[in-house]
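First residue of the sequence shown: 1, per my numbering; consecutive thereafter.
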Amino acid sequence: MKKLFFLAVSILVLSVPISVGQTLRKPEDYYQRGLARHKSGDVEGAIADFSKAIEKFPKYSSAYTARATTRKAKGDLEGALSDLGRAIEINPELALPYYNRGFILLEKQDYDAAIRDFDQAIERQPNLAIVYNNRGDAKRAKGDATGALSDYTRAIENDPKLITAYYARGGIRQDNKEMALAIADYSKAIELNPQFIEAYDSRAATRLAEGDPAGAIGDYNKIIELDPKNADAYYNRGQVRHDQSAFNEAIIDFSKALEINPQHAEAYAGRGLTLLAQGLDAEAQKDFDKYLELNKDARELLEQRIRYAKYQRTLKKKS
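Structure representation (structure tokens):
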């Protein structure tokens with residue numbers, strides 16, 4: 001849904017004065033070269049250097065934190081958690097190891113433990129916006145929408161340019177049926193990142209719920225402009241056009257979605273229902289058959305949709 005950030009990455013690469021080939025003597029030398037290697041993508045070399053720094057100075061908290069970041073980059077979450085636990089033992093006053101451990105626990109879906117670590121990070125460094133953001137994610141995953149909303153707002157207060165916080169808060173506001181506020185948040189996320197496809201998609205859905213199909217189509221148009229191979233955007237725009245009785249345009253959109261993704265079952269259903277609305281029952285049936293090929297358990301639901309479409313067609317004939 002949203003991109004999260006392992007905060008140590010941005011901190012670790014800030015200072016890299018040691019060259020990879022330089023003769024090393026002190027723990028700090030290995031630490032700095034480890035940072036350089038991490039930045040260059042040499043994960044194994046970085047881990048070796050951080051380990052050497054720790055060997056020379058076993059209470060080197062920053063080296064444990066740095067090695068944790070590098071271990072996470074290679075997918076060794078348990079090793080990273082172990083290193084962060086050691087960093088916290090050595091220096092429990094630093095916010096960063098708590099944040100990074102909370103982030104990994106969030107990824108592991110251990111939400112209560114993640115929240116506890118984020119709490120500790122905030123206690124030590126109250127102005128880190130991303131910590132509030134990710135604590136909000138953990139609370140939202142637990143079903144605490146009110147707590148999550150508060151955290152996303154605190155994240156925005158601390159960093160008014162934190163895109164993910166606007167997007168996440170918009171999602172909660174959308175769930176709460178606060179559509180105007182949700183649209184405002186999605187719009188702010190888009191203002192900060194005009195390439196943010198998910199925000200356009202969410203704003204389109206919210207605009208539809210607000211009775212603004214033209215606004216929704218505008219958002220789907222933008223998604224297609226940014227990603228011409230986005231089958232879902234064509235499908236969604238087709239749905240809006242179908243609901244507006246712009247049947248020819250809807251069929252074009254559904255067909256484009258299927259050209260991009262021939263396994264898009266809902267696009268077959270959408271095109272079939274649009275053909276049915278035009279009285280092209282035989283052509284519609286071909287799409288329904290294909291839909292059921294891809295979605296074998298949906299026959300009853302499809303039959304309900306077909307009955308409703310035929311009912312709507314009858315009403316239009318009478319009007």
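Where a beta carbon is used, it is the ideal one built from N, C-alpha and C, also for glycine. Just so you know, these numbers come straight off a predicted model, no measurement behind them.
Quick check on DSSP: helix, strand or coil for residue i?
i: Asp289; result: helix
i: Ser10; result: Here Ser10 scores only 35 on pLDDT, less than 50, and its place in the model is too uncertain to base an answer on.
i: Glu191; result: helix
i: Arg25; result: coil
i: Arg313; result: helix
i: Ala80; result: helix
i: His242; result: helix
i: Pro126; result: coil
i: Pro262; result: coil
i: Ser19; result: Confidence is the limiting factor: at Ser19 the pLDDT is only 44, short of 50, which leaves the residue's position unreliable and the question unanswerable from this model.
Would you tell me roughly how many angstroms separate the C-alpha atoms of residue i and residue j, rounded to the nearest one?
i: Ser245; j: Gly272; result: 14 Å
i: Glu225; j: Gln195; result: 10 Å
i: Asn261; j: Ser40; result: 37 Å
i: Phe50; j: Gly102; result: 22 Å
i: Arg237; j: Leu208; result: 11 Å
Here's the rule: buried if 16 or more other CB atoms are within 10 angstroms of the residue's CB, otherwise exposed. What is residue i?
i: Pro97; result: buried
i: Asp289; result: exposed
i: Arg25; result: exposed
i: Pro27; result: buried
i: Ala214; result: exposed
i: Arg299; result: exposed
i: Thr314; result: exposed
Comparing C-alpha positions only, which one of the options sits nearest to residue i?
i: Lys188; options: Lys177, Glu178, Arg169, Ala205; result: Arg169
i: Leu106; options: Leu94, His38, Arg135; result: Arg135
i: Thr164; options: Ala87, Ile197, Ala309; result: Ile197
i: Ile217; options: Val240, Lys296, Ser61; result: Val240
i: Ala231; options: Asp201, Asp243, Thr206, Asn295; result: Asp201
i: Arg46; options: Glu123, Ala205, Lys59, Lys72; result: Arg is not the amino acid found at residue 46; the sequence shown has Ala there. Checked all of Glu123, Ala205, Lys59, Lys72; the closest Cα to Ala46 is Lys72.
Since residue i and residue j are thought to touch, with beta carbons under 8 Å apart, how far apart are those beta carbons, to the nearest angstrom?
i: Tyr152; j: Asn127; result: 15 Å between Cβ atoms; not a contact.
i: Leu320; j: Thr65; result: Nothing about residue 320 can be reported from this structure: the residues present for the chain run from 1 to 319 only.
i: Tyr291; j: Ala257; result: Contact doesn't hold; Cβ gap of about 13 Å is too wide.
i: Ala63; j: Tyr99; result: Between Tyr99 and Ala63 the Cβ distance is about 17 Å, and since that is not below 8 Å, they are no contact.
i: Ala129; j: Asn158; result: 4 Å
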